[in-house]
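*Asks:* In the numbering used here, the protein residues as written are 6 to 104.
Shown below is the structure under consideration.
Here you go:
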(Lines of atoms letter the chains of each structure in order from A; the text may use other names.)
(Lines give C-alpha, C1' and ligand atoms only; values in the text may rest on other atoms or scores of the structure.)
Protein backbone atom coordinates (compact mmCIF):
# COMPACT_ATOMS: atom_id res chain seq x y z
CA UNK A 6 0.00 0.00 0.00
CA UNK A 7 1.49 3.38 -1.00
CA UNK A 8 2.18 6.01 1.63
CA UNK A 9 -0.43 8.77 1.60
CA UNK A 10 0.67 12.12 2.94
CA UNK A 11 -2.06 14.18 4.53
CA UNK A 12 -1.46 17.87 4.90
CA UNK A 13 -3.23 20.00 7.52
CA UNK A 14 -6.56 21.35 6.30
CA UNK A 15 -6.67 24.54 8.39
CA UNK A 16 -4.62 27.47 7.18
CA UNK A 17 -4.08 30.68 9.14
CA UNK A 18 -2.08 33.64 7.95
CA UNK A 19 -1.49 36.02 10.84
CA UNK A 20 0.75 38.97 11.52
CA UNK A 21 4.15 38.52 13.10
CA UNK A 22 2.89 40.19 16.29
CA UNK A 23 -0.11 37.84 16.57
CA UNK A 24 2.17 34.87 15.98
CA UNK A 25 4.47 36.02 18.77
CA UNK A 26 1.46 36.48 21.08
CA UNK A 27 0.21 33.02 20.15
CA UNK A 28 3.55 31.39 20.96
CA UNK A 29 3.69 33.38 24.22
CA UNK A 30 0.22 32.10 25.18
CA UNK A 31 1.39 28.54 24.56
CA UNK A 32 4.43 29.20 26.75
CA UNK A 33 2.14 30.41 29.54
CA UNK A 34 0.00 27.30 29.16
CA UNK A 35 3.08 25.17 29.85
CA UNK A 36 2.64 26.18 33.50
CA UNK A 37 -0.88 24.71 33.65
CA UNK A 38 -0.49 21.02 34.39
CA UNK A 39 -3.54 19.82 32.48
CA UNK A 40 -2.50 21.78 29.35
CA UNK A 41 1.27 21.56 29.43
CA UNK A 42 1.69 18.51 27.18
CA UNK A 43 -0.71 19.80 24.51
CA UNK A 44 0.74 23.32 24.69
CA UNK A 45 4.30 22.01 24.34
CA UNK A 46 3.31 19.84 21.36
CA UNK A 47 1.51 22.71 19.60
CA UNK A 48 4.33 25.18 20.29
CA UNK A 49 6.93 22.75 18.94
CA UNK A 50 4.92 22.08 15.78
CA UNK A 51 4.21 25.77 15.19
CA UNK A 52 7.87 26.70 15.59
CA UNK A 53 8.97 23.85 13.32
CA UNK A 54 6.41 24.10 10.51
CA UNK A 55 5.13 27.69 10.36
CA UNK A 56 6.41 29.66 7.40
CA UNK A 57 7.30 33.36 7.29
CA UNK A 58 5.57 35.37 4.56
CA UNK A 59 6.24 38.88 3.28
CA UNK A 60 3.56 40.93 1.57
CA UNK A 61 4.23 44.57 0.69
CA UNK A 62 7.04 44.74 3.24
CA UNK A 63 4.75 43.42 5.99
CA UNK A 64 5.64 40.27 7.92
CA UNK A 65 3.14 37.44 8.28
CA UNK A 66 3.24 33.83 9.37
CA UNK A 67 1.52 30.98 7.54
CA UNK A 68 0.34 28.35 10.05
CA UNK A 69 -1.15 24.99 9.07
CA UNK A 70 -3.11 22.92 11.58
CA UNK A 71 -5.12 19.73 11.62
CA UNK A 72 -8.67 20.17 12.98
CA UNK A 73 -7.78 18.47 16.28
CA UNK A 74 -4.79 20.80 16.73
CA UNK A 75 -6.94 23.85 15.98
CA UNK A 76 -9.43 22.67 18.61
CA UNK A 77 -6.68 22.25 21.20
CA UNK A 78 -5.31 25.69 20.36
CA UNK A 79 -8.74 27.31 20.73
CA UNK A 80 -9.24 25.63 24.11
CA UNK A 81 -5.88 26.89 25.34
CA UNK A 82 -6.54 30.44 24.12
CA UNK A 83 -10.01 30.55 25.66
CA UNK A 84 -8.45 30.15 29.10
CA UNK A 85 -6.80 33.55 28.73
CA UNK A 86 -9.97 35.44 27.85
CA UNK A 87 -11.37 37.68 30.59
CA UNK A 88 -14.33 36.30 32.51
CA UNK A 89 -17.68 37.45 31.17
CA UNK A 90 -20.19 39.12 33.46
CA UNK A 91 -23.12 38.09 31.26
CA UNK A 92 -24.75 34.66 31.19
CA UNK A 93 -24.95 33.84 27.50
CA UNK A 94 -25.50 30.17 28.30
CA UNK A 95 -28.95 30.94 29.70
CA UNK A 96 -29.86 32.57 26.37
CA UNK A 97 -29.24 29.38 24.43
CA UNK A 98 -31.02 27.30 27.09
CA UNK A 99 -34.06 29.58 26.81
CA UNK A 100 -33.94 29.35 23.02
CA UNK A 101 -33.88 25.55 23.15
CA UNK A 102 -36.70 25.44 25.69
CA UNK A 103 -38.90 27.49 23.36
CA UNK A 104 -38.65 24.89 20.59
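Each residue gets a CB set at the ideal place from its N, CA and C atoms; glycine is no exception.
Quick caveat: nothing in here was measured; it's all calculated off a predicted structure.
Opposite residue 24 in the DSSP bridges: which residues?
*Replies:* Residue 24 is not bridged to any residue.
*Asks:* Put residue 43 into one of helix, strand or coil per three-state DSSP.
*Replies:* helix
*Asks:* Taking Cβ positions, are residue 70 and residue 13 nearer each other than 8 Å?
*Replies:* yes
*Asks:* Within the same chain, show all residues whose beta-carbon is closer than 6 Å to that of residue 96, passing over the 5 residues directly before and after it, in chain order.
*Replies:* Closer than 6 Å at Cβ, skipping near neighbours: no residue.
*Asks:* To which residues does DSSP link residue 70 through a beta bridge?
*Replies:* 15
*Asks:* What are the complete alpha helix (DSSP H) segments, minimum 4 residues, inside the region 57 to 101?
*Replies:* For the region 57 to 101, whole alpha helix (DSSP H) runs of length 4 or above, ordered along the chain, are 72 to 84.
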